[in-house]
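Numbers in our numbering are just positions in the sequence shown, counted from 1, shifted up by 126.
No residue lacks a Cβ here, since even glycine has one placed at the ideal position from N, Cα and C.
Below is one structure, written out as structure tokens, with a few remarks after it.
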Amino acid sequence: MSIPKQKILFLTLTLSFLFAPLSPYAYSMEFDKAINGMDINTLKTVDQVKTAVEKLETTLESANHQNQLSFELQKKILLKAGECISKLASFTNGKNLNKEKIKVYSTIRNTLKRNLAINEKKILFIQENKLDKLKDPAEFFKSNEWQNPQYLISIASYWMGWNGYYGCLQLPENDALRKELLEEAIKGFSRAFIDFEEEDVIVRSLLGRALCHGQLKAYESAKKDFSTVKRRLGKDHPLYIRCLYEENRILYATGNLELALRGIDEIREDYDKKIPPELAVGIDQLKAKILAGFLVKPNQEDRPSERTVDPSKDRIFRGLKQLAEQPNGMNEFYRYVRENSDRMGHLSYSALGPVGAMGVGDVFFEKKDFNRALDYYLPLSAESPKILFEKMDLIRLRIAYIFSRKEKWKDAVSVLKDFHKKFPDSYLLEQAIPLYYTAATNHYRQNSGKEAYKQFIDSALVYVTRCRGKCPDLSEAHFQLGQYYEKTGKPREAVKEFLRVDKDSANLPIAQYYLLKNFVERLEQMKKTGQIPSREGDQIFSDGLGVAKSYKGIFSGGKLTGSMKRIHPQMVILQAELLTFDPNDRCEEILAGLKDFESQFPKERPLFAKAFQMRASCYIHLGKIDHLNSEMVHFTASGPLDKNRYDALRDLANTFYYQAEETRKKHPIDTSEKNAQAALMLYQHLYQLSCDHSDYKNNCDAIQLRMARVYIENDKLDQAEVLYQDILKRNLLSADALYGLGLLYEKKEQWEEALATWRRFSDGVKEGTYHWYESRYKTALAHMKLGHEKKACDILNITMVLHPDFGNDELYRKYQELKSTICKETK
């Protein structure tokens with residue numbers, strides 16, 4: 127029964143390729159709370175549509191169960207269901223996505239069928255219980271009681287049609303459900319176009335039924351409906367063009383290739399820019415299939431023979447190549463070229479075009495004819511046509527693979543160096559990144575220049591940050607990066623990389639060496655800047671102990687081979703150095719670790735000095751002064767006195783000297799005898815070595831001056847005096863000796879000797895310098911101590927008159943104070 131014509135608003139739906147029908151229903155009331163705010167147009171994923179559909183289904187069932195399923199609510203639910211169908215159809219298909227879409231279509235189907243059942247039940251009830259009792263049935267048929275369920279059945283039928291059609295497209299052709307959905311859809315469309323008077327709804331219902339007949343291969347019924355649609359539309363209507371396209375699809379499906387090809391070309395000629403973009407894609411794809419169909423159709427002139435392809439005469443080649451200039455025509459031309467590659471190997475890249483070249487190149491690649499594959503891949507990579515952008519990652523990877531097979535590592539690197547940037551989301555990254563690292567590694571081995579090394583490091587960095595899946599060289603790459611950061615002064619970065627070297631790596635001992643070296647150097651720096659003790663220092667020390675323990679586990683006293691033979695002596699030194707930062711006394715452990723170091727590693731002479739210094743420090747710490755003496759003698763006697771040994775002795779002596787000074791500042795009562803005694807012992811030994819060795823003879827005076835300072839600071843003034851006098855015997859004008867001796871006589875209150883010494887000192891320094899002013903002051907002070915106030919006063923006055931600007935406020939103040947004490951003011 128037909129529904130009276132009424133004012134209906136249409137919701138325009140945007141679909142891909144298969145024009146979805148317009149919804150023939152309107153609404154002007156707000157949604158109730160159950161579906162309020164559902165905006166299907168904003169949904170972006172199948173999961174979001176699924177949630178909306180489930181909400182519609184739940185609302186329908188709940189409202190029906192509570193007897194609150196009003197006409198308006200049902201209308202809203204059906205309208206939203208239709209929007210969900212259209213939204214699903216707009217999503218691109220894909221293997222996994224199709225499975226999810228099928229589930230959603232199934233839920234919509236259940237909701238529509240449930241609504242149909244509810245309203246059909248109402249109609250049946252009226253027919254069985256009410257119609258016979260009515261006085262005026264004609265008037266009743268105009269009432270809402272009769273019209274509303276009929277209206278809802280028509281809406282549900284309409285959307286059952288489109289839901290069945292789109293749902294079947296997600297299923298394989300041999301699926302039994304597919305036929306059931308299509309028959310159900312045909313029934314729905316047939317009901318809809320009969321019930322509604324709106325032309326657009328009738329046309330779309332007929333179109334939907336025709337599409338369903340086509341899917342069932344009921345081509346005569348489909349053609350009949352397409353013809354009906356065309357008669358009801360103008361020739362420029364998009365659905366008219368769509369019908370032309372579908373009619374040619376039927377021609378293709380029934381083997382009428384010539385007619386189908388002519389029809390497709392006519393659509394292009396007649397409509398050109400009027401063709402909707404989605405339909406244009408389908409037209410090009412259909413033409414490609416038609417042309418490819420000529421290749422397999424028997425007794426066809428265009429069927430290929432054994433001869434080679436001549437592009438100027440082969441219309442299939444020309445047609446498919448032309449179509450391949452559009453994305454939707456690529457696949458058929460690619461397949462055609464591959465299947466006939468033996469007839470096309472003579473064609474150039476320009477003759478084949480990008481898609482054809484890729485097809486021929488792929489065949490040669492698969493046959494391992496790599497040189498011929500490169501003939502097509504290289505110009506393809508150089509041109510990098512937009513139409514093949516999604517294939518360029520594969521092309522480049524294959525080029526790099528071929529170069530690697532040919533051991534042209536530099537060429538392989540040039541192809542792969544920016545692969546991860548150009549194709550950041552490529553599924554081929556798992557292969558490209560390891561190949562890049564392998565190629566860069568081998569290129570660097572062949573060419574150790576700066577540029578090759580830079581590329582190698584870049585490949586290692588890409589490998590450790592981007593490699594996914596199997597990365598067999600990951601540990602090696604971390605090690606190489608660690609060495610790079612170590613060389614370029616980035617110790618923190620180096621530590622991070624070395625910590626990632628695998629436990630079973632052959633490079634682990636070297637990585638542990640660099641780690642321990644870094645930890646020790648950081649601790650030394652922190653000690654110099656007063657940052658020890660601290661929490662950070664404790665952590666670094668703990669990390670260092672962990673590395674040392676791990677290294678010992680590898681070594682376990684076994685025979686030294688490979689890299690361990692090279693780094694083991696240094697590791698012994700580093701482990702001992704690390705222990706010096708332990709707040710607990712580890713000297714016995716240090717001494718045990720360094721025992722017989724020189725005899726164990728006789729070729730490691732540069733390390734002897736460090737071992738000696740640490741053993742000497744431990745002996746002093748433990749109060750074993752006699753051991754220090756024998757250690758010192760052994761050290762100097764174990765080889766020639768080169769600069770390394772000499773500096774080691776001097777540095778150690780200075781270390782003890784400064785340690786004694788530091789302790790004295792903090793604890794004046796403590797004479798720091800251990801450190802002072804050690805310093806003195808080392809200086810005495812160093813003095814003897816210097817005076818006996820021509821290369822170091824000039825250092826004799828400086829060493830005696832330092833020895834004298836040690837004596838003075840420990841109140842051994844007589845011994846210090848002997849040393850100063852000994853220096854002056856060799857050098858009467860030694861300013862340092864005279865200065866030290868003058869101070870010593872003042873400390874001993876031997877003012878006659880002090881006066882004579884300061885006079886000699888004054889005569890030897892330049893007038894007007896700080897030391898000259900100071901010596902004049904010291905001379906005046908000695909006169910005063912001897913009771914020569916007038917002489918002292920004259921010296922002060924003359925100096926201050928002739929040199930009013932001392933250039934030193936502190937010294938000038940001393941002059942003033944001494945003058946005020948001994949000089950009478952002139953009235």
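- The beta-carbon distance between residue 558 and residue 523, rounded to whole angstroms, is 5 Å. This is short enough to meet the 8 Å contact definition.
- Nearest C-alpha to residue 602 among 576, 582, 633, 618: 633.
- The beta-carbon distance between residue 748 and residue 704, rounded to whole angstroms, is 19 Å. This is too long to meet the 8 Å contact definition.
- According to the DSSP assignment, residue 369 belongs to the alpha helix (DSSP H) that extends over 364 to 379.
- For the pair residue 777 and residue 611, the Cα-to-Cα distance works out to about 30 Å.
- The segment 899 to 909 makes contact with the segment 918 to 926: 3 or more CB pairs, one atom from each, lie closer than 8 Å.
- The alpha carbon of residue 211 has as its nearest neighbour, out of 920, 285, 509, the alpha carbon of 285.
- The alpha-carbon separation between residue 750 and residue 843 amounts to approximately 26 Å.
- Taken through DSSP and simplified to helix, strand or coil, residue 434 comes out as coil.
- Non-local beta-carbon contacts of residue 865 in its own chain, meaning distances under 7 Å to residues more than five positions away in sequence, involve 887 in chain order.
- Fewer than three beta-carbon pairs drawn from the segment 243 to 256 and the segment 201 to 211 are found closer than 8 Å, and the two stretches are therefore not classed as touching.
- Per DSSP, residue 299 is not a residue of any alpha helix (DSSP H), being assigned neither H nor E.
- The alpha helix (DSSP H) runs lying completely inside the segment 575 to 659 and spanning 4 residues or more are 576 to 592, 600 to 613, 617 to 624, 634 to 654, given in chain order.
- Burial is judged here by how many other beta carbons sit within 10 angstroms of a residue's own beta carbon; residue 832 has at least 16 and is buried.
- Across the set 311, 542, 659, 645, the C-alpha of 542 shows the shortest separation from the C-alpha of residue 586.
- Between residue 280 and residue 335, the CB-CB gap reaches or exceeds 8 Å.
- The C-beta distance from residue 308 to residue 342 rounds to 5 Å, short enough to fall under 8 Å.
- In the displayed model, residue 893 falls within coil according to three-state DSSP, outside both helix and strand.
- If you keep only unbroken alpha helix (DSSP H) runs of at least 4 residues inside the segment 671 to 718, you get 688 to 705.
- The C-alpha of residue 464 is placed about 46 Å away from the C-alpha of residue 327.
- The residue among 445, 491, 451 with its C-alpha nearest the C-alpha of residue 467 is 491.
- Residue 489 sits away from residue 456, with the two beta carbons spaced by 8 Å or more.
- Secondary structure of residue 860 (DSSP, three-state): coil.
- In chain order, 738, 741, 742, 745 place their CB closer than 8 Å to the CB of residue 757, counting only its own chain and leaving out the 5 sequence neighbours on each side.
- Straight through space, the alpha carbons of residue 599 and residue 646 are spaced by roughly 29 Å.
- In this structure, the alpha-carbon of residue 836 lies about 8 Å from that of residue 805.
- The Cβ-Cβ distance between residue 518 and residue 510 falls below 8 Å.
- By the neighbour-count criterion, in which a residue is buried when 16 or more other Cβ atoms sit within 10 angstroms of its Cβ, residue 581 is buried.
- Burial check for residue 406: the Cβ neighbour count within 10 Å reaches 16 or more, so the residue is buried.
- For the pair residue 290 and residue 303, the Cα-to-Cα distance works out to about 10 Å.
- Look at residue 933 here: in three-state DSSP terms it is coil, with no helix or strand label.
- Boundaries of the alpha helix (DSSP H) harbouring residue 568: 555 to 572, taken from the DSSP string.
- The distance from the Cβ of residue 808 to that of residue 779 is about 4 Å, consistent with a contact at the 8 Å cut-off.
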